[in-house]
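Taking it in order: structure first as structure tokens, then the write-up.
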Amino acid sequence: MPMMLCDRLLESFLDEDVARGDLTTHALAIGRRPGTIRFAVRAPAVVCCVEEAERLLIRAGVSTRRYRASGDAVEANTLLLEGDGPAAALHAVWKTAQTLLESACGIATAMRRIVEAARGISPDISVECTRKATPGTRVLAARSVIAGGGSMHRLGLSESILIFPQHAAFLGTAKDPGGTTALCERLPVLRRQHPGKKIMVEAWSMDSAVLLAEAGADVVQVDKFDVDAVRELVKRTCGLTPAVAIAAAGGINASNAAAYAATGCAALVTSAPYWAKPIDVTVTIEAR
Numbered sequence: 000m001p002m003m004l005c006d007r008l009l010e011s012f013l014d015e016d017v018a019r020g021d022l023t024t025h026a027l028a029i030g031r032r033p034g035t036i037r038f039a040v041r042a043p044a045v046v047c048c049v050e051e052a053e054r055l056l057i058r059a060g061v062s063t064r065r066y067r068a069s070g071d072a073v074e075a076n077t078l079l080l081e082g083d084g085p086a087a088a089l090h091a092v093w094k095t096a097q098t099l100l101e102s103a104c105g106i107a108t109a110m111r112r113i114v115e116a117a118r119g120i121s122p123d124i125s126v127e128c129t130r131k132a133t134p135g136t137r138v139l140a141a142r143s144v145i146a147g148g149g150s151m152h153r154l155g156l157s158e159s160i161l162i163f164p165q166h167a168a169f170l171g172t173a174k175d176p177g178g179t180t181a182l183c184e185r186l187p188v189l190r191r192q193h194p195g196k197k198i199m200v201e202a203w204s205m206d207s208a209v210l211l212a213e214a215g216a217d218v219v220q221v222d223k224f225d226v227d228a229v230r231e232l233v234k235r236t237c238g239l240t241p242a243v244a245i246a247a248a249g250g251i252n253a254s255n256a257a258a259y260a261a262t263g264c265a266a267l268v269t270s271a272p273y274w275a276k277p278i279d280v281t282v283t284i285e286a287r
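Structure below.
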């Protein structure tokens with residue numbers, strides 16, 4: 000079972016919209032009339048958060064019928080979910096469930112396109128998303144990335160060791176202003192102190208990438224290296240013992256994922272799916 004959004008988070012989404020009631024439905028005195036609500040995608044998509052949309056309906060007292068699951072690839076006009084209940088419940092959940100689906104499906108669909116492009120060339124390559132989602136949306140972003148067939152590079156600062164040039168700068172000296180030499184010397188110490196963690200380092204040049212790989216980094220990540228540079232780095236580090244994994248980051252998207260995958264790198268790291276266009280979800284509500 001993939002990760003799910005918790006009830007507390009779903010309730011907070013609803014509270015933004017309906018915490019003080021639905022004035023329109025109340026004013027029309029239609030809240031008790033029975034109706035049916037249906038959610039369908041207008042375009043081909045990878046489904047995500049349809050289970051959460053269903054839970055929102057159920058919490059409002061709507062009986063539901065769900066036809067698809069997160070991770071399913073569907074064609075345009077596919078019915079995802081429908082439910083029967085009083086108009087007050089249907090209108091209370093309508094927009095929250097719709098926009099949740101649209102955002103999540105958009106990210107999942109964009110993620111799937113990158114994954115398929117990369118794994119069409121290198122079936123075992125890891126395709127990962129950064130933690131660079133809009134603040135407050137990381138759980139939703141991660142849920143969508145996983146539904147799209149990718150994985151999270153890291154969910155937060157506490158779970159992994161990833162040393163950026165901005166960290167290494169604080170190790171620098173007059174003779175070693177970027178801190179590369181000091182960082183290379185520090186890597187064996189980090190490995191002993193944190194034996195359960197891989198040591199990942201982002202390199203800022205080809206020379207620093209090779210030095211860090213030779214110093215024993217488990218993963219060397221390179222940001223905005225072009226395809227030829229990544230291929231050259233893989234070639235220069237492929238014989239090292241212990242082996243080092245090269246991760247290409249920065250500017251990775253569906254249009255270039257295959258080219259980067261062909262370099263032989265172990266992972267592609269991207270934030271592109273977070274800015275994908277939402278998938279348009281049609282909602283119909285009918286009186287019964």
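In numbering that gives the first Met the number 0, the protein residues as written are 0 to 287. For every residue, glycine included, the Cβ atom is placed at its ideal position computed from N, Cα and C.
Sequence-distant residues of its chain with Cβ nearer than 8 Å to residue i (five each side left out)
i, result
"S204", "none"
"E50", "M3, R65, A68, S69"
"I124", "A117, R118, A260, C264, A265, A266, L267"
"A216", "L186, I198, M199, V200, V243"
Expected contact under 8 Å - CB spacing of residue i and residue j to nearest Å
i, j, result
"A202", "V219", "6 Å"
"R230", "G263", "7 Å"
"I120", "A214", "With 8 Å as the limit, I120 and A214 do not qualify as a contact, their Cβ atoms being about 30 Å apart."
"G60", "A88", "5 Å"
"F38", "L100", "6 Å"
"A52", "I278", "Not quite, the Cβ-Cβ distance comes to about 13 Å (not below 8 Å), so this is no contact."
"V40", "L80", "Actually they are not in contact, since the Cβ atoms of V40 and L80 sit about 11 Å apart, beyond 8 Å."
"E285", "G84", "Rounded, the Cβ-Cβ distance is 12 Å, inconsistent with contact."
"L154", "A141", "6 Å"
Residues near residue i in its chain [Cβ-Cβ closer than 6 Å; skip 5 each side]
i, result
"L56", "T63, G82, V92"
"C47", "S69, A103, C104, A107, S143, A146"
"A116", "A253, A256, A257"
"M110", "V144, G147, G149, P272"
"L309", "The chain is shown from 0 up to 287; residue 309 falls before or after that span and cannot be answered."
"I36", "G82, L89, I284"
Rounded separation between residue i and residue j - CA only
i, j, result
"A309", "G70", "The structure shown does not extend to residue 309, since the chain spans only 0 to 287, so no value can be given for it."
"A96", "T283", "12 Å"
"H152", "P176", "28 Å"
"V200", "T180", "13 Å"
"L233", "I251", "For the sequence presented, residue 233 should be read as Val rather than Leu. If you take the alpha carbons of V233 and I251, they lie about 17 Å apart."
"W274", "L189", "35 Å"
"M0", "S150", "With a pLDDT of only 45 at M0, under 50, the local geometry of the prediction cannot be trusted, and the value read off the model is given with reservation. Approximately 14 Å, taken between the alpha carbons."
"V45", "V280", "12 Å"
"G195", "P187", "13 Å"
"G148", "V138", "16 Å"
"G249", "V221", "8 Å"
"D16", "S159", "36 Å"
"R19", "K276", "31 Å"
"D14", "H166", "40 Å"
"R31", "K94", "19 Å"
"I113", "A228", "20 Å"
"T136", "F12", "11 Å"
"L22", "T133", "31 Å"
"Q192", "R54", "44 Å"
"K174", "L156", "30 Å"
"R287", "T98", "25 Å"
Opposing strand residues paired with residue i [DSSP bridges]
i, result
"V219", "V200, I245"
"C47", "According to DSSP, C47 bridges with nothing at all."
"V126", "L267"
"A39", "L78, T281"
"T63", "G82"
"P33", "P85"
"S150", "E127"
"I160", "I198"
"A72", "V45"
"A286", "G34"
Proximal residues to residue i (C-beta, below 7 Å), its chain only, five neighbours per side dropped
i, result
"A258", "V226"
"C183", "L210, L211, A214"
"L239", "A212, E213"
"A208", "A202, V219, V221, L232"
"R58", "none"
Specify whether the stretch 119 to 137 and the stretch 266 to 281 touch according to this definition: at least 3 beta carbon pairs, one from each stretch, less than 8 Å apart.
Because the criterion of three Cβ pairs below 8 Å is met, the stretch 119 to 137 and the stretch 266 to 281 touch.
Below 8 Å, can you find three or more Cβ-Cβ pairs linking the stretch 6 to 25 to the stretch 243 to 260?
no
Evaluate the contact criterion for the stretch 72 to 81 versus the stretch 19 to 30: three or more CB pairs, one atom per stretch, below 8 Å.
Output reads no: the stretch 19 to 30 does not touch the stretch 72 to 81.
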